[in-house]
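For reference, the structure discussed in these notes is given below.
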Amino acid sequence: MLSVFSSSAVRYLVTQQFCKMPTTRSSASAGASGESHEAPVAPPKRRRKQIKIEYPSDDKPVVKVENGVPSGIKGSKAKGKQVGATVKAEPGTFEIKQEIKEEYEGEIDSKGDASKSADPVKSEYWQEEEKPSKWEPPHWREVLANIREMRKNTYAPVDDMGCDKNSNDDATPEVRRFHVLISLMLSSQTKDQVTHAAVERLIEHSGCTVDSLLLMDNDTLGKLIYPVGFWRRKVQYIKQTCEILKKDYNGDIPNTIKDLCKLPGVGPKMAHLAMNCGWGIVTGIGVDTHVHRISNWLPWVQKPTKEPEQTRLALEAWLPRELWSEVNHLLVGFGQSICRPVGPHCSECLNKELCKVGRATMRGEKKKKKSD
Numbered sequence: 012m013l014s015v016f017s018s019s020a021v022r023y024l025v026t027q028q029f030c031k032m033p034t035t036r037s038s039a040s041a042g043a044s045g046e047s048h049e050a051p052v053a054p055p056k057r058r059r060k061q062i063k064i065e066y067p068s069d070d071k072p073v074v075k076v077e078n079g080v081p082s083g084i085k086g087s088k089a090k091g092k093q094v095g096a097t098v099k100a101e102p103g104t105f106e107i108k109q110e111i112k113e114e115y116e117g118e119i120d121s122k123g124d125a126s127k128s129a130d131p132v133k134s135e136y137w138q139e140e141e142k143p144s145k146w147e148p149p150h151w152r153e154v155l156a157n158i159r160e161m162r163k164n165t166y167a168p169v170d171d172m173g174c175d176k177n178s179n180d181d182a183t184p185e186v187r188r189f190h191v192l193i194s195l196m197l198s199s200q201t202k203d204q205v206t207h208a209a210v211e212r213l214i215e216h217s218g219c220t221v222d223s224l225l226l227m228d229n230d231t232l233g234k235l236i237y238p239v240g241f242w243r244r245k246v247q248y249i250k251q252t253c254e255i256l257k258k259d260y261n262g263d264i265p266n267t268i269k270d271l272c273k274l275p276g277v278g279p280k281m282a283h284l285a286m287n288c289g290w291g292i293v294t295g296i297g298v299d300t301h302v303h304r305i306s307n308w309l310p311w312v313q314k315p316t317k318e319p320e321q322t323r324l325a326l327e328a329w330l331p332r333e334l335w336s337e338v339n340h341l342l343v344g345f346g347q348s349i350c351r352p353v354g355p356h357c358s359e360c361l362n363k364e365l366c367k368v369g370r371a372t373m374r375g376e377k378k379k380k381k382s383d
């Protein structure tokens, strides 16, 4: 008799066909041993049996056959994904090869294998088969928690000079969004400290609005934003962008990635950050040089990437969407303070044993110490 399990036991009702049961010893051999056996009667082909698989709390499956053939089951402890289970029946013992979601309409040989001609059909009793899990970096949650912990007490320029910090508190939403866009356009190939100072000079000079920058001559604009990287080219980009915003968007910035990327000097990184910091809409991960470098060092990309846009796509393929907004600010600050491009502080990093660059750096330091 099967014991009754608690209501928490998970029950799976499956339908399985039993055919061609192996015969026991012949009558002659049975007689020689002094035992009597009745000749087994093989069940008819395509006969179907209903089996209830009960999973008690210890995850050891037990089979109960509704119409009375199998009396027990042994097999994998797959918590419902019972594959290759051995069912004991009288007479004979045979094995069922059963996929999670499929059963076979066709003959089953004495070893329990479905014939090659058998067609797999879905069973209504099986749970839906889970899709193969997507790739994700090993230990990434631990790595992320360590970065958060290191960033708690470590200052980085992005903390108070990022694109979302370069605006007056009393600015209107439209002007604040424009300041975000101007900060992003100036930030290319430029440190946050230099970008922040340039935006502050623009605000102090004329408020840094679309109209004020359109009225400003190129020489004055160049002097105000200098020494940001490629400042002459950025003067042209800013002037052209202000004309587009004035004409097509009533002085505001576009609210789609497609339209933002049409602006002169604006790429995917700037567009996604403008959507997030300007409009409060998360459309993607902003990948700058720090995010790009650290994602390859950890690595958080399945294959090495050469361009930030490749890194963005690789990150978005596995990183949960609820983390997209956080990861840019987190990794930028981490790259500015600890995981620096030149002379990274691997000895201080909590991820030095989980990061391939950290492990290599620490091995190199050990060898250097030994040689000294």
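Numbering (this note's numbering), first residue to last: 12 to 383. Glycine residues also receive a C-beta, built at the ideal position from the N, C-alpha and C atoms. Quantities reported herein were computed from a predicted structural model and do not represent experimental measurements.
DSSP state of residue i mapped onto helix, strand, coil
i           : result
residue 266 : coil
residue 227 : coil
residue 146 : coil
residue 272 : helix
residue 167 : coil
residue 328 : coil
residue 178 : coil
residue 316 : coil
residue 311 : coil
residue 157 : helix
residue 162 : helix
residue 66  : Note that residue 66 scores a pLDDT of 40, beneath 50, so its modelled location is shaky; the value from the coordinates is reported in the next line. If DSSP states are grouped into helix, strand and coil, residue 66 belongs with the strands.
residue 360 : coil
residue 322 : helix
residue 152 : helix
residue 296 : coil
residue 353 : coil
residue 221 : helix
Cβ-Cβ separation, residue j to residue i (assumed contact under 8 Å), whole Å
i           : j           : result
residue 265 : residue 248 : Not a contact, Cβ separation roughly 15 Å.
residue 205 : residue 238 : 6 Å
residue 339 : residue 284 : 7 Å
Segment limits, alpha helix (DSSP H) that includes residue i
i           : result
residue 378 : 367-382
residue 195 : 184-198
residue 336 : 335-348
residue 248 : 242-259
residue 208 : 203-217
residue 301 : 300-308
residue 280 : 279-290
Length of the line joining the Cα atoms of residue i and residue j
i           : j           : result
residue 373 : residue 182 : 49 Å
residue 255 : residue 267 : 15 Å
residue 191 : residue 382 : 51 Å
residue 357 : residue 171 : 25 Å
residue 447 : residue 245 : The requested residue 447 is not part of the displayed model; the chain covers only 12 to 383.
residue 304 : residue 328 : 18 Å
residue 251 : residue 219 : 15 Å
residue 240 : residue 233 : 11 Å
residue 231 : residue 214 : 13 Å
residue 363 : residue 208 : 35 Å
residue 223 : residue 282 : 23 Å
residue 346 : residue 164 : 14 Å
residue 227 : residue 243 : 15 Å
residue 270 : residue 198 : 20 Å
residue 341 : residue 376 : 27 Å
residue 194 : residue 210 : 7 Å
residue 330 : residue 324 : 10 Å
Any non-hydrogen atom of the ligand SAH closer than 7 Å to residue i Cβ
i           : result
residue 200 : Looking at this structure, you won't find the ligand SAH or any other ligand, since it has none at all.
Should the segment 291-310 be regarded as contacting the segment 330-338, the criterion being three or more beta carbon pairs within less than 8 Å? Contact holds: three or more Cβ-Cβ distances are below 8 Å.
Any contact of the segment 301-319 with the segment 362-376, i.e. 3+ C-beta pairs under 8 Å? By the criterion of at least three beta-carbon pairs nearer than 8 Å, the segment 301-319 is in contact with the segment 362-376.
Across the segment 144-158 and the segment 314-322, are there enough close Cβ pairs to call them in contact, namely three or more that are closer than 8 Å? Between the segment 144-158 and the segment 314-322 there are fewer than three inter-stretch CB-CB distances shorter than 8 Å, so the stretches are not counted as touching.
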